[in-house]
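Asker:
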Amino acid sequence: MKFKNTLAAVVVCLGLGAMPGVASAAFIQGAISFGGLFVPLDSNGDVTILPLATGITFGNNNNTVVGPATGDFAGLTGEQAVFSNIEFNPANTPITPLWSVSSGGINYSFDLDNISVDNLGLQEINLSGSGTLMADGFDDTYGTWVFSGDSNGIILFSFSSITGANAVPEPASLLLVGAGLMGFAAARRRRARA
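With my numbering applied, the sequence shown corresponds to residues 79 to 272, in that order.
1. For chain D, find out if any of its Cβ atoms is closer than 9 Å to the Cβ of L130; answer yes or no.
2. Could you check whether P129 and L176 sit closer than 9 Å to each other, using their CB atoms as the reference points?
3. Suppose the cutoff is 6 Å on Cβ atoms and the five residues either side in sequence are ignored; what does the same chain contact list for I203 look like?
4. Is the beta carbon of V144 closer than 9 Å to that of V179?
5. Among S181, I106, P172, G183, whose alpha-carbon lies nearest the alpha-carbon of P207?
6. Counting only runs that start and end within the segment 172 to 206, where is the beta strand (DSSP E) found for 3 or more residues in a row?
7. For Y186, which residues in the same chain have their Cβ closer than 6 Å to its Cβ, ignoring the five residues on either side in sequence?
8. For the candidate residues F161, P146, V160, whose alpha-carbon lies nearest to that of L154?
9. If you draw a straight line from the C-alpha of V117 to the C-alpha of F136, how long is it?
10. Do L205 and S229 have their CB atoms nearer than 9 Å?
11. For a test of the three-state rule: what should DSSP assign to G153, helix, strand or coil?
12. Quick one: residues in its chain with C-beta nearer than 6 Å to the C-beta of S162, no 5 flanking neighbours on either side, listed in chain order?
13. Under a three-way DSSP split, which group does P146 fall into?
14. Indicate the three-state DSSP secondary structure (helix, strand or coil) for P249 in the structure shown.
Quick look at the structure:
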C-alpha cells in the first residue's frame with residue numbers, strides 16, 4: 079500500500095512539474111529622456127506662440143535624440159527618436175505611438191494614454207500623463223511621462239516606469255508547491271499516529 083501511495087505522489091509531482099508556464103513577468107525598468115526641439119502649433123496646425131498653443135510638433139524628428147537613460151534603456155543614449163505630434167487642447171488621445179526608437183535589434187515605443195496641461199505660459203509649457211511602454215522581449219509596462227519645453231523651442235521629454243518587475247508565479251509552480259506541502263502534512267500526520 080505504501081508503494082502505491084508513494085508512486086501516485088511521484089506521478090502527480092512529475093505531471094505538475096511538466097506543465098508549461100511563465101515564471102515571471104519582464105517589465106521594463108529604468109527611465110528614458112529625450113532632448114531636441116519642438117514647435118508650438120495652434121488649432122489650425124500653424125506655428126504660434128506658447129500661450130496660444132493647442133499642440134506641439136517635433137519638426138522632422140531628426141533633431142530629437144535619447145538623452146540620459148537608465149536601466150533597460152541605458153543603451154539608447156544618443157539614438158535618434160521619432161515623435162508624433164501632441165494635441166493637448168483638446169486632448170487627442172491615445173497617441174500610438176507617441177515615440178519610437180530602436181537600438182541593438184530592440185524596438186521601443188510609447189503609447190500616450192492621457193495628457194494633463196500643467197503649465198502653459200509665455201516662457202514655458204509643462205505637460206504630463208501616463209501611457210504604456212512596449213519593447214521587444216518585455217511585457218507592456220505602464221508608466222508616467224512629463225514634457226517640459228521653453229519659449230526657445232528646447233524640450234525635455236522623459237518617461238519613468240512606475241511598474242516594478244514583479245515575479246508572477248506560474249500555475250504549475252503553485253500546484254507543485256501545494257502538492258509538496260500536502261505531502262509533508264500527510265507524512266507528519268502518519269508519524270504522529272505511529
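Don't be surprised by glycine CBs; every beta carbon is placed ideally from N, CA and C. This structure is a prediction, so every number in the text was calculated from the model and none was measured.
Answerer: With the given structure in hand:
1. Absence of chain D from the displayed structure is noted, only one protein chain being present.
2. Your numbering for residue 176 matches position 98 in the sequence shown. Your numbering for residue 129 matches position 51 in the sequence shown. In this structure, P129 does not lie closer than 9 Å to L176 by Cβ.
3. By one-based count along the sequence shown, residue 203 stands at place 125. Excluding residues within five positions, the ones whose Cβ falls inside 6 Å are L128, G227.
4. Along the sequence shown, one-based indexing puts residue 179 at 101. Along the sequence shown, one-based indexing puts residue 144 at 66. Cβ distance < 9 Å, so V179 and V144 count as in contact.
5. Mapped onto the sequence shown, residue 207 falls at position 129. This sequence places Gly at residue 207; Pro is not what is there. Nearest C-alpha to G207: P172.
6. 173 to 181, 184 to 198
7. Taking the first residue of the sequence shown as 1, we reach residue 186 at position 108. For Y186, where only same-chain residues beyond five positions count, the Cβ hits under 6 Å are V179, A213.
8. Counting from 1 along the sequence shown, the entry for residue 154 is found at position 76. L154 has its Cα closest to that of P146, out of F161, P146, V160.
9. Within the sequence shown, the letter at position 39 stands for residue 117. Within the sequence shown, the letter at position 58 stands for residue 136. Roughly 6 Å separates the two Cα atoms.
10. The residue given as residue 205 occupies position 127 in the sequence shown. The residue given as residue 229 occupies position 151 in the sequence shown. Going by C-beta atoms, L205 is not nearer than 9 Å to S229.
11. Numbered from its first residue, the sequence shown carries residue 153 at position 75. Three-state DSSP puts G153 in a helix.
12. By 1-based counting over the sequence shown, the position of residue 162 is 84. Excluding residues within five positions, the ones whose Cβ falls inside 6 Å are I173, L176.
13. Position 68 of the sequence shown, counting from 1, holds the residue named residue 146. Three-state result, P146: strand.
14. Working through the sequence shown from its first residue, we reach residue 249 at position 171. Because P249 carries a pLDDT of 38, less than 50, the predicted location of this residue cannot be relied on, and the following value inherits that uncertainty. Of the three classes helix, strand and coil, the one that applies to P249 here is helix, per DSSP.
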